[in-house]
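Enquirer: Mind looking over this structure? Questions follow.
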Amino acid sequence: MPDRLISILGSGNLILSRVVCLTICLSVLTACSTISYYEQAVRGHLGLLFKSASIDRLIATHEVESRTRERLMLVREIRRFGVNQLSLPDNDSYTRYADLGRDYAVWAVFASEEFSVEPMTWCFPIAGCVPYRGYFSRHRAERFARDLKAGGLDVFSGGVPAYSTLGWGSDPVLNTVLMWPDDQLAGLIFHELAHQVVYVKNESAFNESFATF
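For the sequence shown, the working numbering assigns the number 75 to the initial residue and increments by one for each residue that follows.
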């Protein structure tokens, strides 16, 4: 099974094991199942953005409870440090906050041939080929997992607290990660902003090594 997200449901410290990248480009699509997959990704991401609000405004207006406000202030400082000290991109990513009202941002599905450690991959216009598929709907993820299992594959699926669009979708900070320990929250933000600096299609090992370093 793919090493990047094999411990999604575990308690490991690797931030990158808890992040799924969802590509939201709609180009070069033919099969109905592919169109349906992209449609749910676009709808899910737009729904997430609709629920988001400016972190600066939430802090200034005290619209959230004190603990959430404190964490948002930390997010702002983490992002500022990343931009000023690490030369990470200064864009709209992680300048907004969204409370999804659930424990996971997306649900990921992984599969491999029986007795194989080589994961299946799915290819997308922006992200390239990755060893999972992410869904905003748990029901859709479980249905896809059942279909793969019915085809004789070994399948793993589970909820993922965070996800990324590699900077294409102005990713907000989510309630699903806001209360992570300080170092893990900072690691997540730095990691995902680093992907926006360098991301090479079909080179997962290199991309993760670069963003983690």
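The C-beta atom is built at its ideal place from N, Cα and C for all residues, glycine as well.
Ignoring anything shorter than 4 residues, give me the alpha helix (DSSP H) runs that lie fully in the region 130 to 164, in order along the chain.
Expert: List check, alpha helix (DSSP H) in window: 140 to 160.
Enquirer: Please report the straight-line C-alpha distance between residue 193 and residue 137, rounded to a whole angstrom.
Expert: Whole-angstrom Cα-Cα distance: 44 Å.
Enquirer: Sorted by chain position, which residues of the same chain lie with C-beta nearer than 7 Å to residue 226's C-beta, five sequence neighbours on each side aside?
Expert: 188, listed in sequence order.
Enquirer: Provide the residue span of the beta strand (DSSP E) that contains residue 176, from first to last.
Expert: Neither: residue 176 is in no beta strand (DSSP E) and is coded neither H nor E.
Enquirer: Whose C-alpha, out of 243, 246, 212, is nearest the C-alpha of residue 232?
Expert: Minimum Cα distance to residue 232 is reached at 212.
Enquirer: What are the boundary residues of the alpha helix (DSSP H) that residue 198 is part of?
Expert: Here residue 198 belongs to no alpha helix (DSSP H); instead the beta strand (DSSP E) covers 196 to 198.
Enquirer: Expressed to the nearest angstrom, what Euclidean distance is found between the alpha-carbon atoms of residue 101 and residue 134?
Expert: Because the pLDDT of residue 101 is 36, which lies under 50, any placement of that residue in the model is unreliable, and the number read from its coordinates should be weighed accordingly. When rounded, the distance between both Cα atoms is 40 Å.
Enquirer: Can you tell me where the alpha helix (DSSP H) holding residue 222 begins and where it ends?
Expert: Where residue 222 is concerned, the enclosing alpha helix (DSSP H) stretches over 212 to 224.
Enquirer: Identify, in the order they occur along the chain, each residue of the same chain with its Cβ nearer than 8 Å to the Cβ of residue 103, setting aside the five sequence neighbours on each side.
Expert: Below a pLDDT of 50, predicted positions are generally treated as unreliable, and residue 103, at 38, falls in that range; no measurement from the model is reported.
Enquirer: Please report the straight-line C-alpha distance between residue 208 and residue 146, rounded to a whole angstrom.
Expert: Using only the alpha carbons, I get a separation of about 26 Å.
Enquirer: Does the region 117 to 136 come within contact of the region 157 to 166, defined as at least 3 CB pairs closer than 8 Å?
Expert: Cβ pair count under 8 Å is below three, so no.
Enquirer: Helix, strand or coil for residue 191 per DSSP?
Expert: In this structure, residue 191 counts as coil in the three-state DSSP scheme.
Enquirer: Using 9 Å as the threshold, is the C-beta distance between residue 177 and residue 235 below it?
Expert: Yes, they are a contact pair.
Enquirer: Strictly by DSSP, which residues pair up with residue 183?
Expert: Per DSSP, 207, 231.
Enquirer: Considering only their Cβ atoms, is the gap separating residue 240 from residue 149 smaller than 9 Å?
Expert: Their beta carbons are not under 9 Å apart, which means residue 149 does not touch residue 240 by this criterion.
Enquirer: Who are the near neighbours of residue 264 in its chain, counting only those whose CB is closer than 6 Å to its CB and skipping five residues on each side?
Expert: 156, listed in sequence order.
Enquirer: So, using beta-carbon positions, are residue 122 and residue 246 closer together than 9 Å?
Expert: Cβ atoms of residue 122 and residue 246: closer than 9 Å.
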